[in-house]
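J.: The sequence shown begins at 30 in my numbering and counts up one residue at a time.
Would you mind keeping the following structure in view while I ask a few things?
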Amino acid sequence: MATLVVSSAGAAPTFFPLVKPLTTVAAGADSDLRVPELRGVVAIQFDGKTFTATALEGAQLVVNGKKRGQHTLADGDLLQLGETQVLFQSSDRIPTPAEVSKLGRRDPASLATAKLADFARDLAKEPGIDNALTRLLDSLIEVVRADKGFVLVVNEGAPQILKARNFQRENVADAVERLSDTIVRRVLETRQPLRIEDALHDAEFNVSESVVNLKLSSVLCLPLLLRGELVGAIYLGNDKLANLFSDRELEVAQSFCSTATLLVELGRQLDELRADKKQLQEKLEEQAYGDIIGSCDPMRDIFRKIDKVAGTDISVLVTGETGTGKELIAREIHRRSPRKAGPFIAINCGAIPENLLESELFGHAKGAFTGAASARIGRFQAASGGTLFLDEIGEMPPALQVKLLRALQDHAVTKVGENKPEPVDIRIVAATNKDLEEEMKLGRFREDLFYRINVVHLHLPPLRDRGEDAVMLAKWFLGRSIRELGSKVKGFSPQALVAIKRFRWPGNIRQLENRIKKAVVLADKPLISPDDMELRPEQLEPILPLAAARDEWQKRYINEVLERNGGNRTKTAKDLGVDPRTIFRHLERMEAEKRGETLPPDEALGEEG
């Protein structure tokens with residue numbers, strides 16, 4: 030006859046013969062074999078040949094150290110049912126000494142140590158704080174044999190349930206109604222753990238409405254403290270058994286609390302970081318202007334001008350160093366204009382050979398020149414109804430400037446090889462990194478064409494003069510590169526952010542973007558360093574003495590006010606509150622620097638010469 034040898038609470042083993050086709054093992058008095066601390070039911074079924082153990086109603090069935098949902102029993106199998114161990118014998122025999130040595134109640138402290146060790150080993154594999162906290166609470170419920178457990182967090186002095194689980198490893202839906210607020214409040218006020226053997230009959234708590242309504246029995250509640258600050262509490266209960274929690278269970282629960290405290294605090298910090306990230310994204314969206322990112326005063330001034338001119342057909346000239354984003358400005362003007370449904374056509378006047386540029390602009394007839402096997406429209410015709418962006422217009426040959434001027438005046442173009450003009454309806458936005466006024470003086474750019482395209486002038490400042498915009502752009506480029514390249518890079522090191530602000534960026538925004546892409550690909554660490562971006566100390570702009578820094582700032586500021594006033598020197602002097610001669614001397618010095626000469630230092634603003 031098959032027999033179960035049962036060992037519980039350190040008592041001598043008892044023998045339970047399996048005489049029925051179905052034997053139930055549970056905590057209830059109506060079960061065949063009663064195991065008080067067992068959650069759920071373990072059914073042992075005999076089909077005439079074999080015995081099969083099945084875990085039901087959330088029971089934890091462990092056979093020979095491994096968790097099982099169902100198991101066909103073999104002679105000598107050791108079952109762990111809660112804190113009770115059961116040895117299965119296929120025949121009525123006396124267990125061997127080795128088998129007897131396996132039996133015995135497992136100490137909760139050793140079980141807790143094993144559970145904590147397992148949890149610590151697997152913590153790095155958890156996909157998030159929430160999952161880690163769930164696993165920790167499930168393990169604690171199992172170790173102390175509670176039927177429910179809660180993790181509470183203190184927000185603005187009030188406790189809130191962060192996690193609620195039952196012994197079946199399920200979330201508790203009505204969590205707020207399943208614990209005693211009186212007991213929780215006592216623990217939070219005293220900051221001391223509380224162990225209650227039978228709350229319903231406890232002289233101190235049996236008058237509590239929540240205790241009476243819930244018919245509470247065994248309760249453990251412990252505060253979660255981090256460096257003396259109360260961050261929350263852990264609440265454990267078993268309403269089926271009184272006197273369940275001893276000092277040993279309290280000690281075990283306390284061993285879990287330090288880990289739970291760190292998880293709760295880490296979760297709070299992550300929530301704060303997510304909120305900060307959301308605020309930064311909202312701020313970035315506020316500071317973005319279409320696809321253009323910037324918040325410095327010169328860029329805001331450009332945005333204001335775009336708002337005013339976008340709705341018109343006025344020609345706009347965009348100037349600035351290479352890589353400052355002139356085409357982005359042109360596209361934004363088009364996007365905000367009534368022509369936005371029409372085409373945006375761009376052509377780089379400096380990238381096409383002179384003998385082909387006319388055909389690219391105006392088109393050609395079939396046979397107009399060698400290789401013209403068919404007729405072709407030019408960029409002017411392609412842009413009809415929309416915007417034509419003439420990039421690097423300062424590179425256009427003088428002979429072609431005449432034909433461009435005629436096309437702009439007549440709103441019509443003539444294909445190469447034809448004589449009949451074709452009307453076009455376009456808006457012109459031109460761009461250059463050259464000083465067209467200087468080019469006119471040298472006879473390389475037509476004055477009449479300059480005034481035709483320069484109805485409104487937008488000058489883009491170099492990245493080195495845009496202050497915090499460099500860091501803002503760097504973070505935006507980094508986020509986009511991480512998404513596009515699938516990188517594990519998380520951000521910039523503090524040293525990298527300082528280096529980004531100090532570097533001169535001669536290639537401007539384009540150079541910054543390319544450096545970041547390269548760093549994302551080649552970086553070996555989660556945070557990009559200055560070396561990853563090839564920003565070595567000797568490449569960074571030196572820290573100037575205060576007097577030299579003041580002079581540099583003064584020069585830039587005078588230039589900025591001159592730009593705002595359209596080069597009007599008298600108005601600039603009036604706005605700055607200085608003698609007009611100060612502005613004249615400043616301009617003389619700028620001209621001398623272009624020639625490689627050095628003049629005596631400027632007098633301070635406000636002093637008259």
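Quick reminder that beta carbons are idealized off the backbone N, C-alpha and C, glycines included.
Keep in mind the model is a prediction, meaning the values are calculated, not measured.
For residue 378, I'd like the list of residues in its chain whose CB is within less than 7 Å of its CB, leaving aside the five on either flank, ordered along the chain.
T.: Sequence index remark: in the sequence shown, residue 378 carries index 349 (1-based). Cβ neighbours of residue 378 beyond the five flanking positions: 386, 419, 420, 421, 422, 424, 425.
J.: I'd like the list of long-range same chain contacts for residue 296, defined as Cβ closer than 6 Å, with 5 residues on each side in sequence excluded.
T.: Position 267 of the sequence shown, counting from 1, holds the residue named residue 296. Contacts found: 158.
J.: Going by DSSP in three states, residue 61 sits in which element: helix, strand or coil?
T.: Position 32 of the sequence shown, counted from the first residue, corresponds to residue 61. Coil, per DSSP.
J.: Does DSSP classify residue 239 as helix, strand or coil?
T.: For the purposes of this step, residue 239 is identified with residue 210 of the sequence shown, where counting begins at 1. In the structure shown, residue 239 sits in a helix (DSSP, three-state: H, G or I).
J.: In terms of residues, what are the limits of the alpha helix (DSSP H) holding residue 332?
T.: Translated into the one-based positions of the sequence shown, residue 332 becomes position 303. Unbroken alpha helix (DSSP H) run through residue 332: 326 to 338.
J.: Output the boundary residues of the beta strand (DSSP E) element that contains residue 467.
T.: Walking along the sequence shown from the start, residue 467 turns up at place 438. Residue 467 -> not in any beta strand (DSSP E); alpha helix (DSSP H) instead, spanning 465 to 470.
J.: List, from N- to C-terminal side, the alpha helix (DSSP H) runs of 4 residues or more that fit wholly inside the stretch 181 to 259.
T.: Whole alpha helix (DSSP H) segments, 4+ residues: 210 to 219, 238 to 243.
J.: Throw me the rounded Cβ distance for the residue 67 and residue 55 pair, which I believe falls under 8 Å.
T.: Numbered from 1 along the sequence shown, position 38 holds the residue referred to as residue 67. Numbered from 1 along the sequence shown, position 26 holds the residue referred to as residue 55. At roughly 6 Å, the Cβ-Cβ gap stays under 8 Å, so residue 67 and residue 55 are in contact.
J.: How should residue 130 be labelled, buried or exposed, when 16 other C-beta atoms within 10 angstroms of its C-beta is the threshold for buried?
T.: Here residue 130 refers to the residue found at position 101 of the sequence shown. Legend: pLDDT at residue 130 = 48, less than 50; position of this residue unreliable, value from coordinates given subsequently. By the 10 Å Cβ count, residue 130 comes out exposed.
J.: Looking at residue 255 and residue 294, is the spacing between their C-beta atoms short of 8 Å?
T.: Position 265 of the sequence shown, counting from 1, holds the residue named residue 294. Position 226 of the sequence shown, counting from 1, holds the residue named residue 255. Contact: yes.
J.: Output the distance between the C-alpha atoms of residue 527 and residue 459, rounded to the nearest integer angstrom.
T.: Along the sequence shown, read from residue 1 onward, the residue named residue 527 stands at position 498. Along the sequence shown, read from residue 1 onward, the residue named residue 459 stands at position 430. So the alpha carbons of these two residues sit roughly 35 Å apart.
J.: Below 7 Å CB to CB, which residues in the same chain sit around residue 43 once its five sequence neighbours on both sides are set aside?
T.: In the sequence shown, the residue the question calls residue 43 occupies position 14. The residues are 35.
J.: From the DSSP output, which residues share a beta bridge with residue 456?
T.: In the sequence shown, counting from the first residue as 1, residue 456 sits at position 427. Paired residues: 416.
J.: Verify whether the separation of the beta carbon atoms of residue 483 and residue 350 is less than 8 Å.
T.: Start at 1 with the first residue of the sequence shown, and residue 483 comes out as number 454. Start at 1 with the first residue of the sequence shown, and residue 350 comes out as number 321. No.
J.: So the beta strand (DSSP E) residue 377 belongs to, where does it begin and stop?
T.: Along the sequence shown, read from residue 1 onward, the residue named residue 377 stands at position 348. Segment 373 to 377, the beta strand (DSSP E) holding residue 377.
J.: Return the CA-CA distance between residue 328 and residue 209, expressed in angstroms with no decimal places.
T.: The residue given as residue 328 occupies position 299 in the sequence shown. The residue given as residue 209 occupies position 180 in the sequence shown. When rounded, the distance between both Cα atoms is 59 Å.
J.: Are the beta-carbon atoms belonging to residue 223 and residue 192 less than 8 Å from one another?
T.: Residue numbering aside, residue 223 sits at position 194 when the sequence shown is read from its first letter. Residue numbering aside, residue 192 sits at position 163 when the sequence shown is read from its first letter. Cβ distance not < 8 Å, so residue 223 and residue 192 don't count as in contact.
J.: Could you have a look at residue 349 and say whether DSSP puts it in helix, strand or coil?
T.: To locate residue 349, count along the sequence shown from 1; it is residue 320. Three-state result, residue 349: coil.
J.: If we ignore side chains and look at the alpha-carbon of each, how far apart do residue 620 and residue 626 end up?
T.: Against the sequence shown, residue 620 aligns to sequence position 591. Against the sequence shown, residue 626 aligns to sequence position 597. Residue 620 and residue 626: Cα-Cα distance of roughly 9 Å.
J.: Give me the Cβ distance between residue 352 and residue 540, rounded to the nearest whole Å; I'm assuming they're in contact under 8 Å.
T.: In the sequence shown, the residue the question calls residue 352 occupies position 323. In the sequence shown, the residue the question calls residue 540 occupies position 511. With a Cβ gap of about 6 Å, residue 352 and residue 540 count as contacting.
J.: Just list the residues that DSSP pairs residue 487 with in beta bridges.
T.: Locating residue 487 in the sequence shown gives position 458, counting from the first residue. Residue 487 pairs with 347.
J.: Let me know if residue 586 comes out buried or exposed under the rule of 16 or more other beta-carbons within 10 Å of its beta-carbon.
T.: Within the sequence shown, the letter at position 557 stands for residue 586. Burial call: exposed.
J.: Taking its Cβ as the centre, do 16 or more other Cβ atoms sit within 10 Å of residue 595, making it buried, or is it exposed?
T.: Numbered from 1 along the sequence shown, position 566 holds the residue referred to as residue 595. Label assigned to residue 595: exposed.
J.: Grouping DSSP H, G and I as helix and E and B as strand, with all else coil, what is residue 68?
T.: For the purposes of this step, residue 68 is identified with residue 39 of the sequence shown, where counting begins at 1. Looking at residue 68 - three-state DSSP - the assignment turns out to be coil, as it is neither helix nor strand.
J.: Can you give me the C-alpha to C-alpha distance between residue 220 and residue 259, rounded to a whole angstrom?
T.: Mapped onto the sequence shown, residue 220 falls at position 191. Mapped onto the sequence shown, residue 259 falls at position 230. Distance between the alpha carbons of residue 220 and residue 259: 8 Å.
J.: By a C-beta neighbour count over all protein chains shown, 10 Å radius and 16 as the cutoff for buried, is residue 213 buried or exposed?
T.: Translated into positions along the sequence shown, residue 213 becomes position 184. Flag for residue 213 reads buried.
J.: Going by DSSP, which residues form a beta bridge with residue 36?
T.: Indexing the sequence shown from 1 puts residue 36 at position 7. Per DSSP, 114.
J.: Quick check: what's the CA-CA separation for residue 60 versus residue 99?
T.: Sequence index remark: in the sequence shown, residue 60 carries index 31 (1-based). Sequence index remark: in the sequence shown, residue 99 carries index 70 (1-based). Roughly 19 Å between the two C-alpha positions.
J.: Helix, strand or coil: which one does DSSP assign to residue 296?
T.: As a first step, residue 296 is located in the sequence shown; it is residue number 267 there, counting from the start. Note: residue 296 maps to helix in three-state DSSP.
J.: Between which two residues does the beta strand (DSSP E) holding residue 44 run?
T.: Numbered from 1 along the sequence shown, position 15 holds the residue referred to as residue 44. Residue 44 -> beta strand (DSSP E) spans 43 to 46.
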